[in-house]
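Using the UniProt record's numbering, you'd call the opening residue of the sequence shown number 1 and step up by one each time.
Glycine included, every Cβ here is placed at the ideal spot set by N, Cα and C.
Have a look at the structure below, then the notes.
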Amino acid sequence: AKQKPCVILLDELDAIAPARSDSDGGGAKGGGSSGGEDQMSARVVSTLLTIMDGAQSAENYVDMDKVIVIATSNRPEAIDRALRRPGRFDREIEVGVPTPKQRREILDAHLKTVKHELSAAAAEELSKNTHGFVGADVAALVQAAAMNALRRRVKEKEGIEKEFGKEMLEKALAAEERKKRASCGCARCVAAIEAWRREKADGDAVGALTSDLERASLDDDGVPMLAPLHITDADFLDARTKIRPSAMREVQIEVPNVGWDDVGGLEEVKQRIKEAVEWSEKFPEAMARMGAVPPKGILLYGPPGCSKTLLAKAVASQSGRNFLTVKGGELYSKWVGDSEKAVRTLFTRAKTNAPS
1 AKQKPCVILL DELDAIAPAR SDSDGGGAKG GGSSGGEDQM SARVVSTLLT
51 IMDGAQSAEN YVDMDKVIVI ATSNRPEAID RALRRPGRFD REIEVGVPTP
101 KQRREILDAH LKTVKHELSA AAAEELSKNT HGFVGADVAA LVQAAAMNAL
151 RRRVKEKEGI EKEFGKEMLE KALAAEERKK RASCGCARCV AAIEAWRREK
201 ADGDAVGALT SDLERASLDD DGVPMLAPLH ITDADFLDAR TKIRPSAMRE
251 VQIEVPNVGW DDVGGLEEVK QRIKEAVEWS EKFPEAMARM GAVPPKGILL
301 YGPPGCSKTL LAKAVASQSG RNFLTVKGGE LYSKWVGDSE KAVRTLFTRA
351 KTNAPS
């Protein structure tokens, strides 16, 4: 506070000031922390309350004028309730999972820091298909794609060294360094680009450029030419399969590889499910004109083994939604309030990982 005006950031407030009722002698569940830790947490909470209320003694007084306290947590329910009352942390702002549009903005910000060949259309598609990704996940995605490009370069260097020898590899690296300082204008590259332009109207521009550049893999001096070290669409697609969003790491989530054709018979049932789930996304304007409202939920009932679960997986697969499965018994607990908490947690995770 001596450096005011200033902002104090308390990261992970739930760890610093946990709810005292949850850490009181281990709680009713007998799984709490030790008594010493409980007392320390209680003292920290008490000190925070005293400082933020401005009720300290004269010798310990901290002037909070022009001082803003910001706290962060991903478990707000675990924070001591006294800290969330007016006069302390007055404003609670939820920072949710980014929308596809917001993910695109985050992706564009990270793409400015790397060399890439990701087209605008591919970036838009990638933003739409990264459900549940937060800013850190998008950053990890770009880093994973960059590593894919780097691995490809290492493999290319190893191939040149194996085929042409180490001396030729050093020449190729030196030639690449010269190209960084001056744009390449060799006859072979110019010819390849001209061929690309000529065949552009035929709809096979990319193939023409690739084939011509492959034929021009040696420069005029016979030195192998290294491909530009850029992150490609394929690098991002591969990285997408390896990076799991933070919101999905605590729960088993999948997009089942099950289609409607995998469900034998039940044509009428499948049609009714399609109308309930898919029509609201495929024909939103028509449904709005007719005043039709999609159902909030669907109950499938019948004897065991009649494809109820398979139908649910087909719905998730065909509509591109994440699939969360939970059995009724998993929601029950002998501890008071835990069953309700499990239900809330399930729906919170579903919302975080939407569409689900």
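Please check the pair residue i and residue j, which I expect to be a contact at CB under 8 Å, by giving their CB distance rounded to whole angstroms.
{"i": "D235", "j": "A149", "result": "5 Å"}
{"i": "K115", "j": "I243", "result": "With 8 Å as the limit, K115 and I243 do not qualify as a contact, their Cβ atoms being about 20 Å apart."}
{"i": "K313", "j": "F323", "result": "6 Å"}
{"i": "A288", "j": "A145", "result": "With a Cβ gap of about 39 Å, A288 and A145 do not count as contacting."}
{"i": "G87", "j": "D53", "result": "7 Å"}
{"i": "V263", "j": "K274", "result": "Not a contact, Cβ separation roughly 12 Å."}
{"i": "P5", "j": "K66", "result": "4 Å"}
{"i": "L48", "j": "L83", "result": "6 Å"}
Use the C-beta contact count for residue i: other C-beta atoms within 10 angstroms, 16 or more gives buried, fewer gives exposed.
{"i": "L299", "result": "exposed"}
{"i": "L99", "result": "A quick correction: the sequence has Thr, not Leu, at residue 99. T99 comes out exposed."}
{"i": "L13", "result": "buried"}
{"i": "V293", "result": "exposed"}
{"i": "V95", "result": "exposed"}
{"i": "R43", "result": "exposed"}
{"i": "I93", "result": "exposed"}
{"i": "A28", "result": "Any answer about A28 is weak, because its pLDDT of 44 lies below 50 and its placement is not dependable; what the coordinates show is given next. So A28 ends up on the exposed side."}
{"i": "G132", "result": "buried"}
{"i": "R91", "result": "exposed"}
{"i": "V7", "result": "exposed"}
{"i": "residue 370", "result": "With the chain covering only 1 through 356, there is no way to say anything about residue 370."}
{"i": "R349", "result": "buried"}
{"i": "S333", "result": "exposed"}
{"i": "T210", "result": "Note on T210: pLDDT 39, under 50, position unreliable in the model; the coordinate value appears next. The residue is exposed, with fewer than 16 neighbouring Cβ atoms inside 10 Å."}
{"i": "D137", "result": "buried"}
{"i": "V45", "result": "buried"}
{"i": "R75", "result": "exposed"}
Please state whether the Cβ-Cβ distance between residue i and residue j is less than 7 Å.
{"i": "V326", "j": "L346", "result": "yes"}
{"i": "L9", "j": "I70", "result": "yes"}
{"i": "D233", "j": "L118", "result": "yes"}
{"i": "V97", "j": "S246", "result": "no"}
{"i": "T130", "j": "R103", "result": "yes"}
{"i": "V258", "j": "S319", "result": "no"}
{"i": "R321", "j": "P284", "result": "no"}
So that I know if they touch, is there some Cβ in chain D lying closer than 7 Å to that of residue i?
{"i": "H230", "result": "Given the protein chain composition of this structure (a single chain), no chain D is represented."}
Determine contact between the region 96–110 and the region 127–145, defined as no fewer than three beta-carbon pairs at a distance below 8 Å.
yes
Is the region 69–88 close to the region 5–17, with three or more CB pairs under 8 Å?
yes
Complete runs of the beta strand (DSSP E) confined to the UniProt domain "ATPase AAA-type core" (298–355) [at least 3 residues]:
none
For the region 56–131, which segments carrying the beta strand (DSSP E) assignment without a break, of at least 3 residues, lie completely within its bounds, in sequence order?
67–71
Contiguous alpha helix (DSSP H) assignments of at least 4 residues, all confined to the region 251–299
267–277, 279–282 and 284–290
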